[in-house]
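Colleague: The sequence shown lines up with residues 55 to 450 when you count with the working numbering. Let me give you the structure first, and then I'll get to my questions.
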Amino acid sequence: MTGRQGRSQRPVTVSIVGSTGSIGTQALDVVNSEPDRFKVVALGAWRSVDLLVSQARQFRPDVVAIGDASAAPALAAALPPGTEVVTGIEGLVSIAPLGEVVVNAVVGFAGLPVTLAALEAGRRLALANKESLIAGAPVVQRARRTPGAEIIPVDSEHCALHQCLRAGRSPDEVARLVLTASGGPFRGRTRAELQGVTVEEALAHPTWRMGPKITVDSSTLMNKGLEVIEAHELFGVEYDRLAVIIHPQSVVHSMVEFTDGATVAQLSNPDMRLPIGYALAYPDRLQHPFGAIDWATLRRLDFEQPDRDVFVCLDLAEQAGRAGGLAPAWLNAGNEVAVAAFLEGRVGWGAIASVVADTVDACEQIPVADAGDVIEADRRARERAEQAVRRRGLAA
Ligand code: MG
55 MTGRQGRSQR PVTVSIVGST GSIGTQALDV VNSEPDRFKV VALGAWRSVD LLVSQARQFR
115 PDVVAIGDAS AAPALAAALP PGTEVVTGIE GLVSIAPLGE VVVNAVVGFA GLPVTLAALE
175 AGRRLALANK ESLIAGAPVV QRARRTPGAE IIPVDSEHCA LHQCLRAGRS PDEVARLVLT
235 ASGGPFRGRT RAELQGVTVE EALAHPTWRM GPKITVDSST LMNKGLEVIE AHELFGVEYD
295 RLAVIIHPQS VVHSMVEFTD GATVAQLSNP DMRLPIGYAL AYPDRLQHPF GAIDWATLRR
355 LDFEQPDRDV FVCLDLAEQA GRAGGLAPAW LNAGNEVAVA AFLEGRVGWG AIASVVADTV
415 DACEQIPVAD AGDVIEADRR ARERAEQAVR RRGLAA
């Protein structure tokens, strides 16, 4: 007995764009945990040929996409016979609609065309690429109205909110969404104590193991700021009813407060395979547990207010979200440029917020007709952000 009533026995087909990164490899772990339930039909990555080959040999997708076309011959030579190879950003985008569920695990704004391709094809989008929804909201929300299209967030907080919201019967019953944040590696430090922190320190996240971009975003609380915008876009809740609370253990993944005073929370140990599995299996649940809590060892759950004077990126993001239009696209572009510059040693950690602020200040609000307008806004914002990086850069 499977206990999964109403679900067909045919496996759900899955495309994974960004299969060699942190989320992509964990998505394949989830597939592997219930191999009769999911069938990987397409895999794609930018340039990690060796890992892509080993994934393809194990999961036998019909199509494999490689973003870096120069790596295609080596890839094609090593794949199982009959596997189709497609290349470039077009290739990565083309595999999105091949699955009934599309995991978008691309890092950053570059994931926008994958998000749009999945939604415009009427697929379920398991969205780990929050930047595409945040920066591209004007066009992503339109694409989301395609019949059959839906977004199930692969972000632990939003997955938690998605689950908690199932406890209510109408949006009128929701008082507030409360997003939890671990606080990152620099929680509790003063501005002075954060002078000169290194890349290694910023990458030492206390509770989650993730890719470098999101780990730096966690150290500045920009990740939480982006997640506030993400929650607004996903659930249609206005900014006055979105709250952020620091919770260092990362066990309570977020909460919904209802109008009668009840708070419903989702708890589990930090393990991204739970939100990934939730998105793949939705509206059912995985039979294999990830992150289940051992109540014999869990001692305490702490909560505190975020320090908005030190972690100014949180307010910068909320302000851009409230401004709406293209402001989140400018914010996101400024942040992507600033984080890349920090990882390359071109600016200090404290300059990330300054570069973002300078970029958002230059935001040009224009009506958005199509994705091209968002891509152009991103390009212009990156130019401004690069200027800000040069102004605020470390002496060589
Ligand atoms: Mg998150």
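The beta-carbon is built from N, C-alpha and C at its ideal position, and this holds for glycine as well.
Between Ala171 and the rest of its own chain, which residues show a CB-CB distance below 7 Å, the 5 nearest in sequence each way excluded?
Modeller: As a first step, residue 171 is located in the sequence shown; it is residue number 117 there, counting from the start. Closer than 7 Å at Cβ, skipping near neighbours: Val147, Ala150 and Pro151.
Colleague: Is the beta carbon of Ile347 less than 8 Å from the beta carbon of Leu328?
Modeller: Along the sequence shown, read from residue 1 onward, the residue named residue 347 stands at position 293. Along the sequence shown, read from residue 1 onward, the residue named residue 328 stands at position 274. No, they are not a contact pair.
Colleague: From Gly176 to Val68, what does the alpha carbon distance come to, in whole angstroms?
Modeller: Counting from 1 along the sequence shown, the entry for residue 176 is found at position 122. Counting from 1 along the sequence shown, the entry for residue 68 is found at position 14. Rounded to whole angstroms, Gly176 to Val68 spans 14 Å at the Cα level.
Colleague: Please list, in chain order, all residues of the same chain as Ser304 whose beta carbon is under 7 Å from its beta carbon, the five residues on each side excluded.
Modeller: One-based indexing of the sequence shown puts residue 304 at position 250. Counting only Cβ-Cβ distances below 7 Å, and skipping sequence neighbours, we find Ser236, Thr261, Trp262 and Pro324.
Colleague: Opposite Thr317 in the DSSP bridges: which residues?
Modeller: Locating residue 317 in the sequence shown gives position 263, where the first residue counts as 1. DSSP, once it has assigned bridges, lists Glu311 as partnering Thr317.
Colleague: With a threshold of 16 other CB atoms inside 10 Å of the CB of Leu448, please say whether the residue is buried or exposed.
Modeller: Position 394 of the sequence shown, counted from the start, is the residue given in the question as residue 448. Result: exposed.
Colleague: Taking 7 Å as the cut-off, is the C-beta of Asp209 nearer than that to any heavy atom in the ligand MG?
Modeller: In the sequence shown, counting from the first residue as 1, residue 209 sits at position 155. Correct: Asp209 has its Cβ closer than 7 Å to the ligand MG.
Colleague: Measuring CB atoms only, is the region 196-211 touching the region 241-259, in the sense that at least three cross pairs come out at less than 8 Å?
Modeller: The answer is no - the region 241-259 does not touch the region 196-211, with fewer than three Cβ pairs under 8 Å.
Colleague: Below 6 Å CB to CB, which residues in the same chain sit around Glu174 once its five sequence neighbours on both sides are set aside?
Modeller: The residue labelled residue 174 in the question sits at position 120 within the sequence shown. The residues are Ala197 and Thr200.
Colleague: Could you please give the first and the last residue of the uninterrupted alpha helix (DSSP H) stretch that includes Pro127?
Modeller: Taking the sequence shown and counting its residues from 1, the one referred to as residue 127 is at position 73. Taken as a continuous stretch (DSSP letters only), the alpha helix (DSSP H) holding Pro127 covers Ala126 to Ala132.
Colleague: Using a threshold of 7 Å, is the CB atom of Glu247 nearer than that to any non-hydrogen atom of the ligand MG?
Modeller: As a first step, residue 247 is located in the sequence shown; it is residue number 193 there, counting from the start. Checking every heavy atom of the ligand MG against the Cβ of Glu247, none is found closer than 7 Å.
Colleague: Count the CB pairs spanning the region 355-363 and the region 374-384 that are closer than 8 Å, and state whether there are at least three.
Modeller: Cβ pair count under 8 Å is below three, so no.
Colleague: Could you tell me whether any non-hydrogen atom of the ligand MG is closer than 7 Å to the CB of Glu255?
Modeller: Within the sequence shown, numbered from 1, the residue matching residue 255 stands at position 201. Because no heavy atom of the ligand MG lies under 7 Å away, the Cβ of Glu255 does not count as near it: no.
Colleague: At 3 residues or longer, what runs of the beta strand (DSSP E) sit wholly inside the region 315-390?
Modeller: Entirely contained in the region 315-390, the beta strand (DSSP E) runs reaching 3 residues are, in chain order, 317-321.
Colleague: Would you decide whether Ala442 is buried or exposed? Buried here means 16 or more other CB atoms lie within 10 Å of its CB.
Modeller: Here residue 442 is taken as the residue at index 388 of the sequence shown, counted from 1. So Ala442 ends up on the buried side.
Colleague: Could you pull the DSSP bridge partners for Glu204 from this structure?
Modeller: Walking along the sequence shown from the start, residue 204 turns up at place 150. Its beta-bridge partners are Arg178.
Colleague: Compare the C-alpha of Ala425 against each of Ala81, Thr413, Val161 and Gly190 and name the closest.
Modeller: Against the sequence shown, residue 425 aligns to sequence position 371. Answer by Cα proximity: Gly190.
Colleague: Helix, strand or coil for Arg114 per DSSP?
Modeller: Mapped onto the sequence shown, residue 114 falls at position 60. If DSSP states are grouped into helix, strand and coil, Arg114 belongs with coil.
Colleague: Who are the Cβ neighbours of Gln217 in its own chain at under 6 Å, not counting the five residues just before and after it?
Modeller: Here residue 217 refers to the residue found at position 163 of the sequence shown. Only Gln320 meet the Cβ criterion.
Colleague: If I'm right that Asp432 touches Phe163 with Cβ under 8 Å, what's the distance once you round it to whole angstroms?
Modeller: Walking along the sequence shown from the start, residue 432 turns up at place 378. Walking along the sequence shown from the start, residue 163 turns up at place 109. Confirmed, about 5 Å.
Colleague: Tell me whether the beta-carbon of Lys93 lies closer than 8 Å to the beta-carbon of Pro65.
Modeller: Residue 93 sits at position 39 when you count from the first residue of the sequence shown. Residue 65 sits at position 11 when you count from the first residue of the sequence shown. Contact flag set, yes.
Colleague: Any heavy atom of the ligand MG closer than 7 Å to the Cβ of Arg154?
Modeller: For the purposes of this step, residue 154 is taken as the residue at position 100 of the sequence shown. The sequence given here has Glu at residue 154, not Arg. No - the ligand MG has no heavy atom lying nearer than 7 Å to the Cβ of Glu154.
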